[in-house]
């Protein structure tokens with residue numbers, strides 16, 4: 001079946017560091033990738049929609065300069081959390097979509113900012 | 115404002131019995147609904163979906179029922195197995211294309227042997 005790989009799975013870093021998270025669709029070309037964030041005991045909240053070759057569409061309240069998204073190819077999207085602070089600590093997860101298939105999710109990245 | 119609601123944060127069921135997970139939604143524009151299963155430290159795994167033109171979709175032990183007038187859907191798992199123990203997320207979208215999903219908060223299912 002379809003596989004989405006997300007890397008790294010866990011990051012611990014100091015405040016002020018920028019962190020890049022990669023999301024790859026391994027056996028299909030994803031026309032659209034989505035980035036979600038999950039707080040403890042909360043549902044997955046959409047951050048942005050990323051289409052290959054175009055600028056990402058951010059949800060209200062998500063700072064585009066803080067969360068940089070690049071979707072350079074049909075199999076790779078990256079999320080960079082710039083100058084991360086403790087409040088950015090969360091579980092970030094991507095999904096990839098192609099055609100009428102359901103979204104397939106990566107295993108997520110747990111980001112901990114000290 | 116929660117557009118997709120899973121009002122039961124947890125559910126315990128005996129092995130072999132039926133598990134029924136419920137989900138309500140408020141946005142009448144939603145026409146595609148999905149259930150995902152999630153284990154700790156893993157991403158959600160797609161289970162089953164249903165479009166608004168149907169009221170039932172079945173795949174093995176999993177059946178999803180949709181009641182559009184009540185804006186309610188449910189996932190039935192029968193018979194329940196210990197390996198089904200996980201968090202189940204209900205999700206909805208407007209269309210089955212490249213539209214984002216709106217998730218409920220999830221229901222933690224525990225199947226007791």
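Chains as they are written, first to last, in this note's numbering: chain A, 1 to 114; chain B, 115 to 227.
A virtual CB, placed ideally from N, CA and C, is assigned to each residue, including glycine.
These numbers were taken from a predicted model, which means no experiment stands behind them.
Exercise. Evaluate contact between the region 38 to 57 of chain A and the region 137 to 147 of chain B, counting only Cβ atoms and requiring at least three cross-stretch pairs below 8 Å.
Key: no
Practice problem: Check the Cβ-Cβ distances between residue 104 (chain A) and every residue of chain B, and say whether any is below 8 Å. | Solution: yes
Quiz item: Thinking just about the alpha-carbon of each residue, which of A:9, A:47, A:7 and A:18 is nearest to the one in residue 61 (chain A)?
Solution: A:47
Quiz item: Would the beta-carbon of residue 221 (chain B) fall within 8 Å of that of residue 120 (chain B)?
Solution: yes
Quiz item: Is residue 208 (chain B) helix, strand or coil when you go by DSSP?
Solution: coil
Quiz item: Going by C-alpha distance, which of B:144, B:205, B:210 and B:174 is nearest residue 218 (chain B)?
Solution: B:205
Quiz item: What whole-angstrom Cβ distance do residue 99 (chain A) and residue 4 (chain A) have, given they're in contact under 8 Å?
Solution: Not a contact, Cβ separation roughly 15 Å.
Quiz item: Comparing the C-beta of residue 147 (chain B) with each C-beta of chain A, is any distance below 8 Å?
Solution: no
Quiz item: Expressed to the nearest angstrom, what Euclidean distance is found between the alpha-carbon atoms of residue 102 (chain A) and residue 210 (chain B)?
Solution: 7 Å
Quiz item: Taking the C-alpha atoms as reference points, what is the distance between residue 192 (chain B) and residue 179 (chain B)?
Solution: 14 Å
Exercise. Scan the region 30 to 62 of chain A for residues whose Cβ lies nearer than 7 Å to a Cβ of chain B and list them as they occur along the chain.
Key: 31, 32, 34, 42, 43, 44, 46 and 49
Quiz item: Does any C-beta atom of chain A lie closer than 8 Å to the C-beta of residue 193 (chain B)?
Solution: no
Quiz item: For chain A, is any of its Cβ atoms less than 8 Å away from the one on residue 215 (chain B)?
Solution: yes
Quiz item: For chain B, is any of its Cβ atoms less than 8 Å away from the one on residue 12 (chain A)?
Solution: no
Quiz item: Could one say the Cβ of residue 97 (chain A) lies closer than 8 Å to chain B's Cβ atoms, at least one of them?
Solution: yes
Quiz item: Taking Cβ-Cβ distances shorter than 8 Å, what residues in chain A pair up with residue 219 (chain B)?
Solution: 41, 42 and 43
Practice problem: May I ask you to report which of helix, strand or coil DSSP gives residue 172 (chain B)? | Solution: strand
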